[in-house]
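K.L.:
If you read the sequence shown in the numbering used here, its first letter stands for residue 212, the second for the next number, and so on. Idealized CB from N, CA, C, for every residue including glycine. Fair warning: this is a prediction, and the values are worked out from it, not measured in the lab.
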Amino acid sequence: MTQKTVNGVTFLEGTDNIYRDLGFPEAESVNLLARAELMMTIEKTVKERGLTQSEAAKLLGVSQPRLSDLYKGKLEKFTIDMLVKWLSKLGKQVTISVADQDVA
């Protein structure tokens, strides 16, 4: 994060990873962000298709309360592998990109 002052007001400008900004270790912050992005994509796709949570849960082969946990943002209950499988069932392709880290 970077400290900036504009018109006498000082604030911290975050990075592209809120979990890093909150102080999570780098590896964990990357994992949390990836899961959050996958979860948001699942929720968005379900809404775009006009599916209810019950209909989407049936399509994904899970219970409605399980899908509700996703809607509530319970990151700790989902793995990247599971979320990628669900996106595949929803007709989405997940692409993974790997790059060198910026070393400060």
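Would you list the residues sitting across from Thr-306 in a DSSP beta bridge?
P.N.:
According to DSSP, which records beta bridges pairwise, Thr-306 is partnered with nothing at all.
K.L.:
Under 6 Å Cβ to Cβ from Leu-294, same chain only, skipping five residues before and after it: list those, please.
P.N.:
Leu-249
K.L.:
Taking the alpha-carbon positions, what's the Thr-252 to Glu-224 distance?
P.N.:
25 Å
K.L.:
What residue from Leu-271, Ser-274, Leu-243, Val-305 has the CA that sits closest to Asp-227's CA?
P.N.:
Leu-243
K.L.:
If I measure Cβ to Cβ from Phe-235 and keep anything under 8 Å in the same chain, skipping five residues before and after, which residues do I get?
P.N.:
Leu-243
K.L.:
Over what stretch of residues does the beta strand (DSSP E) that includes Glu-287 continue unbroken?
P.N.:
First-last for Glu-287: undefined, no H or E at that position.
K.L.:
Would you decide whether Phe-222 is buried or exposed? Buried here means 16 or more other CB atoms lie within 10 Å of its CB.
P.N.:
Counting Cβ neighbours within 10 Å, Phe-222 comes out exposed, since fewer than 16 surround it.
K.L.:
Apart from the five residues just before and just after Ile-229, which ones in its own chain have a Cβ nearer than 8 Å to its Cβ?
P.N.:
Leu-244
K.L.:
Tell me which residues share the same chain as Asp-280 and place their Cβ nearer than 7 Å to its Cβ, disregarding the 5 neighbours each side in the sequence.
P.N.:
Lys-288
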